[in-house]
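From first to last, the protein sequence lines are chains A and B.
The numbers in full-length UniProt numbering rise by one with no breaks, and the one at position 4 of the first sequence is 4.
The numbers in full-length UniProt numbering rise by one with no breaks, and the one at position 26 of the second sequence is 26.
Note that CB positions come from ideal geometry on N, CA and C, so glycine has one too.
Beneath this line is the structure, given in structure tokens, with notes to follow.
Protein chains: 2
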Amino acid sequence: MARTREFDFDATVAAAMEAFRRNGYEGTSIRDLTKATGLGSGSIYAAFGSKEGLYLAALDLYRQRYAAPLIDMLRSGNDAREVIREVFVGAVDEIARDGKRLACLIVGATVERARDDLRVAERLRSTTRSLESALFDVLAEGQLRGQIAADRSATDLATFLVTSLQGLRVMGGINADRATLMRSAEVALSCLD
Amino acid sequence: MARTREFDFDATVAAAMEAFRRNGYEGTSIRDLTKATGLGSGSIYAAFGSKEGLYLAALDLYRQRYAAPLIDMLRSGNDAREVIREVFVGAVDEIARDGKRLACLIVGATVERARDDLRVAERLRSTTRSLESALFDVLAEGQLRGQIAADRSATDLATFLVTSLQGLRVMGGINADRATLMRSAEVALSCLD
DNA sequence: ACAGTTCTTTGGCGGTCGTTCCAGTTAGCC
DNA sequence: GGCTAACTGGAACGACCGCCAAAGAACTGT
């Protein structure tokens with residue numbers, strides 16, 4: 001065998017993720033990442049292959065940490081209207097807490113990287129699709145039970161809700177006032193009536 | 001006096017704007033901008049002072065070209081419901097046409113620059129405020145005339161609609177399919193019922 | 001103890017960054 | 001037609017970019 005890896009892989013990716021959220025892809029240099037992670041540049045390249053590789057790892061961690069829990073919540077089987085509201089309130093809280101300091105990596109990747117990087121674009125599509133699909137299931141179920149308005153297709157509503165969440169994240173970068181974001185979210189949720 | 005400026009100022013800013021929309025702020029170098037505008041770097045610095053100066057000029061042109069017309073439409077005095085629909089359909093068309101290639105500079109600036117650059121942040125707040133205010137007036141008028149549901153405040157609806165537009169622009173970067181975007185927009189518009 | 005393997009650090013590669021400076025050119029005023 | 005001032009493209013600046021080779025350090029298996 002050989003020397004064991006010294007650094008904490010997950011903590012490293014988490015540190016890189018925060019750096020990318022703070023300054024974007026192009027705005028974060030390898031030297032910034034060495035400071036943020038505590039690794040030397042050689043170690044970064046040994047572990048991730050390239051700056052893009054580390055970015056993809058950070059994006060995957062972000063999806064796992066922030067998108068997957070939303071999907072799990074939606075799949076928990078709880079009341080449709082209630083669980084969707086929970087998702088929105090959670091998103092608003094998070095944006096209000098650190099939306100000024102840290103951008104959503106998914107929105108950032110969409111704007112800054114999706115055009116150049118097919119692997120990023122694929123991940124974004126995948127996450128969006130999963131979220132839409134989870135929302136669709138909850139909405140369709142809710143419509144059957146009469147909890148959600150049935151005069152619009154669950155597909156359209158699901159797409160709309162994802163779009164609204166993206167919009168909230170953008171707005172958080174301009175004005176992260178919680179009350180304003182929440183009022184916007186309330187209107188979006190009222191589409192389910 | 002002295003020699004007159006040779007290059008077309010507006011065309012130069014327009015070329016820079018497209019470059020920034022295509023590759024973002026950090027992703028566009030001064031050398032890229034010399035190729036896009038046809039100017040030498042010396043001329044760029046004489047006219048705009050810095051890369052940031054040219055970016056601000058590009059952002060201002062974007063606001064003038066894409067945000068101001070929306071506001072003018074809203075202020076035209078036409079039927080509330082109709083004019084708001086027009087704004088959304090116009091936005092969807094534009095995103096579907098070149099959302100894959102060219103990002104919305106406002107969303108891009110929010111994600112990539114607003115945290116670092118106060119002058120950018122101020123411009124974004126100003127544009128958002130103007131758009132919200134124009135929407136508010138149209139909505140309030142529509143509510144008085146019974147064309148728009150009056151059970152929600154016009155302020156909230158205006159904020160929500162701006163958020164929806166931002167969301168559509170982000171979604172356009174992931175999946176610019178016109179029909180999907182339009183169905184999302186339709187749901188948002190149905191909040192006015 | 002030693003060989004073998006893998007991780008880590010260091011230093012620096014070639015190139016590009018934003019910016020500045022400069023010589024050369026051109027347009028307006030006497 | 002000179003004089004001057006502004007504009008022009010391009011060379012060059014120091015700094016920084018992403019990346020990588022080489023060597024030291026730490027671990028396992030013998």
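query	result
State yes or no: is the beta carbon of Leu33 (chain A) nearer than 8 angstroms to at least one beta carbon in chain B?	no
So Ile30 (chain A) packs on Ser43 (chain A), CB below 8 angstroms; how close in whole Å?	Rounded, the Cβ-Cβ distance is 11 angstroms, inconsistent with contact.
Exposed or buried, Glu122 (chain B), counting other C-beta atoms within 10 Å across all chains shown (16 or more means buried)?	exposed
Using the Cβ count rule (16 or more neighbours within 10 Å means buried), how would you classify Ala46 (chain A)?	exposed
According to DSSP, is Phe136 (chain B) part of a helix, a strand, or is it coil?	helix
Using a Cβ cut-off of 9 angstroms, which residues of the stretch 152-168 of chain B contact any Cβ in chain A, in chain order?	Arg152, Ser153, Thr155, Asp156, Leu157, Thr159, Phe160, Leu161, Val162, Thr163, Ser164, Leu165, Gln166, Gly167 and Leu168
Going by C-alpha to C-alpha distance, which of B:Leu161, B:Ala91 and B:Gly172 sits closest to Ala134 (chain B)?	B:Leu161
Which first and last residues belong to the alpha helix (DSSP H) in which Asn23 (chain A) is found?	Phe9 to Asn23
Inspect the beta-carbon positions of Glu112 (chain B) and Glu26 (chain B) and report whether they are closer than 8 angstroms.	yes
Would you kindly work out how many angstroms separate the C-alpha atoms of Arg75 (chain A) and Arg129 (chain B), rounded to a whole number?	38 angstroms
When the distance is taken between beta carbons, is Asp193 (chain B) closer than 8 angstroms to Ala154 (chain B)?	no
Given residue 264 (chain A), which residues of its chain have a CB within under 8 angstroms of its CB, disregarding the five upstream and five downstream residues?	The structure shown does not extend to residue 264 (chain A), since chain A is modelled only from 1 to 193, so the question has no answer here.
Quick check: Ile84 (chain B) and Val138 (chain B), are their CB atoms within less than 8 angstroms of each other?	yes
Ordered along the chain, which non-local residues of its own chain (more than five positions away) have a Cβ less than 8 angstroms from that of Gly24 (chain A)?	Ala103, Gly108 and Glu112
Hey, Ser164 (chain A) and Ala188 (chain A): beta-carbon distance below 8 angstroms or not?	yes
Under 7 angstroms Cβ-Cβ, which residues of chain B neighbour Ala80 (chain A)?	Correct list: empty, because the minimum Cβ distance to chain B is about 16 angstroms.
CA-CA distance, Glu82 (chain A) and Thr110 (chain A)?	29 angstroms
Counting only beta-carbon separations shorter than 8 angstroms, does Leu131 (chain A) have a partner in chain B?	no
Please confirm whether Ile174 (chain A) has its beta-carbon closer than 8 angstroms to some beta-carbon of chain B.	yes
With distances taken between CB atoms, is the gap from Lys100 (chain B) to Ala185 (chain B) smaller than 8 angstroms?	no
Can the beta-carbon of Ala114 (chain A) be found less than 8 angstroms from the beta-carbon of Ile106 (chain B)?	no
Which of the three DSSP states, helix, strand or coil, is assigned to Lys35 (chain B)?	helix
Which chain A residues sit within Cβ distance under 8 angstroms of Val111 (chain B)?	Gly24, Ala103, Val107, Gly108, Val111, Glu112, Val170 and Gly173
Compare the C-beta of Val187 (chain A) against all C-beta atoms of chain B and say whether one is closer than 8 angstroms.	yes
Taking only beta carbons into account, state which residues of the UniProt domain "HTH tetR-type" (6-66) of chain A come closer than 7 angstroms to chain B, listed in chain order.	Gly24, Glu26 and Gly27
Looking only at its chain, what residues have a beta carbon closer than 8 angstroms to the beta carbon of Thr34 (chain B), apart from the 5 residues adjacent to it on each side?	Gly40, Ser41 and Ile44
Going by other Cβ atoms of all chains shown within 10 Å of its Cβ, with 16 needed for buried, is Gln64 (chain A) buried or exposed?	exposed
Classify Asp156 (chain A): buried if its beta carbon has 16 or more other beta carbons within 10 angstroms, exposed otherwise.	buried
Where do the ends of the alpha helix (DSSP H) carrying Lys51 (chain A) lie?	Lys51 to Tyr62
Between the Cα of Asp60 (chain A) and those of A:Arg119, A:Met73 and A:Arg97, spot the shortest distance and give me the residue it belongs to.	A:Arg119
Taking DSSP as the reference, what is the three-state secondary structure of Ile174 (chain A)?	helix
Starting from Thr28 (chain A), trace the alpha helix (DSSP H) in both directions and tell me its first and last residue.	Per DSSP, Thr28 (chain A) belongs to no alpha helix (DSSP H) and is neither H nor E.
Starting from Leu124 (chain A), find everything on chain B with Cβ-Cβ shorter than 7 angstroms and list it in chain order.	Ile174
Between A:Asp93, A:Phe88 and A:Ala80, which has its C-alpha nearest Phe136 (chain A)'s C-alpha?	A:Ala80
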